[in-house]
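Asks:
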Amino acid sequence: MKNVRIWFEKKDTARYISHLDLNRCMSRAFHKTRLPLWYTQGFNPHVFVSFAMPLSLGMNGVRECMDVRLTEDMDPFLLMQKLNGALPLDIHVYDVTEPVMATHEIAFAHYEIDYDPSPVPVKQAEQTLRELMGRDSLIVEKHTKKGPKEFELAPYLSDWSLRRMENGWLRLSITLPTGLSGGVNPSLVKQAAEKYAGLKLFDRPTRTCLYNDQMIPYR
48 MKNVRIWFEK KDTARYISHL DLNRCMSRAF HKTRLPLWYT QGFNPHVFVS FAMPLSLGMN
108 GVRECMDVRL TEDMDPFLLM QKLNGALPLD IHVYDVTEPV MATHEIAFAH YEIDYDPSPV
168 PVKQAEQTLR ELMGRDSLIV EKHTKKGPKE FELAPYLSDW SLRRMENGWL RLSITLPTGL
228 SGGVNPSLVK QAAEKYAGLK LFDRPTRTCL YNDQMIPYR
């Protein structure tokens, strides 16, 4: 039996597929392709699959991965080809590797968030966001398993950059804590912009990479 890590993109229309539905989607693809996968034992056997870190609904992911177990060796290119033929639009497998890191090692995530500032002029919105990101305190509402609670966002806004795009949008590149025990969702930046600056932004977030606590890309 061999563990493999399957890397895929989930974007555009697929960003509205929830994590639960993504799991079902992959299960259907596995069933269609009849890949030599290991199934759990018991009354209701199903393919063993483990995702690294669930994506928030509405977020693109360009470096997502899931682990499965093969019961026999299989050419990685053939595996990718078969899966891509069974997956819906905007979910695309692009690599198959051996797992190197464990899920519990994930500590940070990098995001690129595109903001449409209209009707506010882009120059004004950029200045407002830069001032916001430099504040000493930003109290926002964070949703937890026990319900909403006040959360101090400012200390986590240390690794970021902001630039204008050719289409008149702004792109925020930011690294935030994440992991199995929780983290900081980038949507909190949008919430802070509205609360503290009255800036209502349409956002299009993308998670580009996961890292361990040494900032080594998850692989």
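Last residue of the sequence shown: number 266 in my numbering, and the count goes up by one each step with no gaps.
Quick reminder that beta carbons are idealized off the backbone N, C-alpha and C, glycines included.
Please read all numbers here as calculations on a predicted model, not as lab measurements.
#1: So within the stretch 177-240, which uninterrupted alpha helix (DSSP H) runs reach at least 4 residues, ignoring any that extend past its ends?
#2: Between Met113 and Phe98, how many whole angstroms is the CB-CB distance? I'm expecting something under 8 Å.
#3: Please tell me whether, using a cut-off of 7 Å, the distance from the CB of Phe98 to the nearest non-hydrogen atom of the ligand ZN is below it.
#4: Reducing DSSP to helix, strand and coil, say where Phe77 ends up.
#5: Just list the alpha helix (DSSP H) runs in the stretch 113-162, keeping only unbroken ones of 4 residues or longer that don't cross its boundaries, in chain order.
#6: Using only alpha-carbon positions, find the residue among Ile64, Ser74, Phe55, Leu84 that is nearest to Lys49.
#7: Should the stretch 208-224 be regarded as contacting the stretch 187-194, the criterion being three or more beta carbon pairs within less than 8 Å?
#8: Please confirm if the stretch 152-164 is in contact with the stretch 113-124, defined as three or more CB-CB distances below 8 Å between the two stretches.
#9: To the nearest angstrom, how far is the alpha carbon of Pro252 from that of Phe155?
#10: Alpha carbon to alpha carbon, how far is His66 from Pro101? Give it in angstroms, no decimals.
#11: Determine the closest residue to Asp142 out of Glu56, Arg211, Pro166, with distance taken between C-alpha atoms.
#12: Less than 7 Å between C-beta atoms, sequence neighbours within five positions excluded: which residues of the same chain meet that for Met148?
#13: Among all the DSSP beta bridges, which residues are the ones paired with Ile53?
#14: Which whole-angstrom value is the C-beta distance of Leu227 and His151, which I expect to be below 8 Å?
#15: Pull up the distance between the alpha-carbon of Pro233 and that of Glu173, whole angstroms please.
#16: Would you mind sorting Asn107 into buried or exposed? The rule is 16 or more other CB atoms within 10 Å of its CB.
Replies: Quick answer:
#1: none
#2: By 1-based counting over the sequence shown, the position of residue 113 is 66. By 1-based counting over the sequence shown, the position of residue 98 is 51. Contact flag correct, Cβ pair sits at about 5 Å.
#3: This structure does not include the ligand ZN; it has no bound ligands of any sort.
#4: For the purposes of this step, residue 77 is taken as residue 30 along the sequence shown, with counting starting at 1. Helix at Phe77.
#5: 123-133
#6: Position 2 of the sequence shown, counted from the first residue, corresponds to residue 49. When only C-alpha atoms are compared, the closest one is Leu84.
#7: no
#8: no
#9: For the purposes of this step, residue 252 is identified with residue 205 of the sequence shown, where counting begins at 1. For the purposes of this step, residue 155 is identified with residue 108 of the sequence shown, where counting begins at 1. Approximately 16 Å, taken between the alpha carbons.
#10: Your numbering for residue 101 matches position 54 in the sequence shown. Your numbering for residue 66 matches position 19 in the sequence shown. Answer to the nearest angstrom: the Cα atoms are 6 Å apart.
#11: In the sequence shown, counting from the first residue as 1, residue 142 sits at position 95. If we check each option's Cα against that of Asp142, Glu56 comes out closest.
#12: Counting from one through the sequence shown, the residue named residue 148 turns up at place 101. Excluding sequence neighbours, Met148 sits near Asn259, Tyr265, Arg266.
#13: Translated into the one-based positions of the sequence shown, residue 53 becomes position 6. Paired residue(s): Met113, Val143.
#14: Numbered from its first residue, the sequence shown carries residue 227 at position 180. Numbered from its first residue, the sequence shown carries residue 151 at position 104. The pair is a contact, with the Cβ atoms about 6 Å apart (cut-off 8 Å).
#15: Position 186 of the sequence shown, counted from the start, is the residue given in the question as residue 233. Position 126 of the sequence shown, counted from the start, is the residue given in the question as residue 173. Their backbone Cα atoms lie some 17 Å apart in a straight line.
#16: By 1-based counting over the sequence shown, the position of residue 107 is 60. Buried is the call here.
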